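Residue numbers (full-length UniProt numbering), protein chains in the order written: chain Y, 1 to 138; chain S, 1 to 138.
Where is the CB? At the ideal position from N, CA and C, for every residue including glycine.
Owing to the predicted nature of the structure, the values given are computational and were not obtained by experimental measurement.
Number of protein chains: 2
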Amino acid sequence: MIESEIRILLQSIAIQTRKRYANQLRELGLHIGQELALSHLWEQDGITQSQLRLKMGSEASTVSNMLRKLEQDDIIYRKVDDADHRISNVFLTSKGRQLEGPIMEIWKAHEQVLLAGIVPEELLLLRRILQQMDDNLL
Amino acid sequence: MIESEIRILLQSIAIQTRKRYANQLRELGLHIGQELALSHLWEQDGITQSQLRLKMGSEASTVSNMLRKLEQDDIIYRKVDDADHRISNVFLTSKGRQLEGPIMEIWKAHEQVLLAGIVPEELLLLRRILQQMDDNLL
DNA sequence: GAGTTTTAATTAGCATGCTAACTAATATAA
DNA sequence: TTATATTAGTTAGCATGCTAATTAAAACTC
């Protein structure tokens, strides 16, 4: 069944990708998953934990724990909102901002490895199909 | 950049897929990742832990811990090799064998959701491209 | 205004998954 | 044969990521 083969290939790609990321992020002193949180903070610094959790597609507790580690490592800091004391806003430290370049390098290098030998027309079609699949899962 | 968009879409699909699996596997009393181990055991019951670890693409410790849980839950059991006492062979219990149907159902249902609206010619091309990507990561 | 509900975030507990360090058994080499 | 190296698997320690239960603050409802 071609559908099963596609499912299995996607799974394999996800596992391999995760491993490569983990190895490369370790050299930056980061753990897998943290780069996703950071990417949203580069996009929008000072976001709330709730907004971050929605963007990451993670649970509140996951974000809470991850931010605690990132805070310990001086990569982010949190500031309780003056008007609403339930809310924490998350900010990058300078150390956190400096990680943007290296992480983007990891992503770029990964894209080049992953997509080697795939011609531009195929990339366009691939993007369209993946977009459809992503929409299907919502 | 189309390459980045593809990377991000793949990441999103992987995260959503993982979540869906996790929710459905929980109803079977399983944790995410365990279904991968079981799938290799359906394929070849009595495999060694080392062989299983290679098929899964995981570390020895990961497999060791996972099998301990699966053994506690009476889904698999292990038998030390008579000739080489370092080696453990892994076997499915009847409970483990009975999980094959339900897990395949989960996969099939997932394939239908994931690939809805994608025509057969696109599936063929998609498989070819994913195969290329998977090879690229080895 | 007092009581209830909702929202934001944390904590506890668990399993995956990793690395590093270890034990035990087998294989190899001197 | 004895010493060394390799192989198989386990354990400890850590972070992600989840659910369930909890705390605290704000928003509603009567």
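S:M133, buried or exposed, once every other Cβ within 10 Å from all chains shown has been counted against 16: As a working note, residue 133 of chain S is residue 133 in the second sequence. By the Cβ-count criterion, S:M133 is buried, with 16 or more other Cβ atoms from all chains shown falling within 10 Å of its own Cβ.
Minimum Cβ-Cβ distance from Y:T17 to chain S less than 9 Å: Here residue 17 of chain Y refers to the residue found at position 17 of the first sequence. So, interface residue.
Coarse secondary structure for residue 168 of chain Y, derived from DSSP in three states: Any answer about residue 168 of chain Y is impossible in this case: the structure gives chain Y only from 1 up to 138.
For Y:T48: DSSP bridge partner residues: In the first sequence, counting from the first residue as 1, residue 48 of chain Y sits at position 48. Answer is Y:N89.
Same chain, Cβ closer than 7 Å to S:L52, five either side skipped, listed in chain order: The residue you call residue 52 of chain S lines up with position 52 of the second sequence. Excluding residues within five positions, the ones whose Cβ falls inside 7 Å are A37, H40, V63, V90.
Rounded straight-line distance, which links the Cα of Y:K55 to that of Y:D84: Locating residue 84 of chain Y in the first sequence gives position 84, counting from the first residue. Locating residue 55 of chain Y in the first sequence gives position 55, counting from the first residue. Answer to the nearest angstrom: the Cα atoms are 21 Å apart.
Simplified DSSP assignment, three categories, for S:I8: For the purposes of this step, residue 8 of chain S is identified with residue 8 of the second sequence, where counting begins at 1. In the three-state reduction of the DSSP assignment, S:I8 falls in the helix class, which pools H, G and I.
Beta-carbon contacts of Y:I87 that lie in its chain and below 8 Å, excluding the five residues immediately before and after: Here residue 87 of chain Y is taken as the residue at index 87 of the first sequence, counted from 1. Cβ neighbours of Y:I87 beyond the five flanking positions: T48, Q49, S50, V80, D81.
Rounded C-alpha distance that separates S:E35 from S:L25: Counting from one through the second sequence, the residue named residue 35 of chain S turns up at place 35. Counting from one through the second sequence, the residue named residue 25 of chain S turns up at place 25. Roughly 8 Å separates the two Cα atoms.
Per-residue burial, Y:R7 [other beta carbons within 10 Å of its own, 16 or more giving buried]: On the first sequence, position 7 is the one that residue 7 of chain Y refers to. Buried is the call here.
Whole-angstrom C-beta distance between Y:L130 and S:I129, which should lie under 8 Å: Your numbering for residue 129 of chain S matches position 129 in the second sequence. Your numbering for residue 130 of chain Y matches position 130 in the first sequence. The beta-carbon distance between S:I129 and Y:L130, rounded to whole angstroms, is 10 Å. This is too long to meet the 8 Å contact definition.
Whether S:N136 touches Y:V113 by CB criterion (9 Å): Position 136 of the second sequence, counting from 1, holds the residue named residue 136 of chain S. Position 113 of the first sequence, counting from 1, holds the residue named residue 113 of chain Y. In this structure, Y:V113 lies closer than 9 Å to S:N136 by Cβ.
Among Y:W107, Y:E43, Y:H110, nearest to Y:R97 - alpha-carbon criterion: Position 97 of the first sequence, counting from 1, holds the residue named residue 97 of chain Y. For the residues Y:W107, Y:E43, Y:H110, the minimum Cα distance to Y:R97 belongs to Y:E43.
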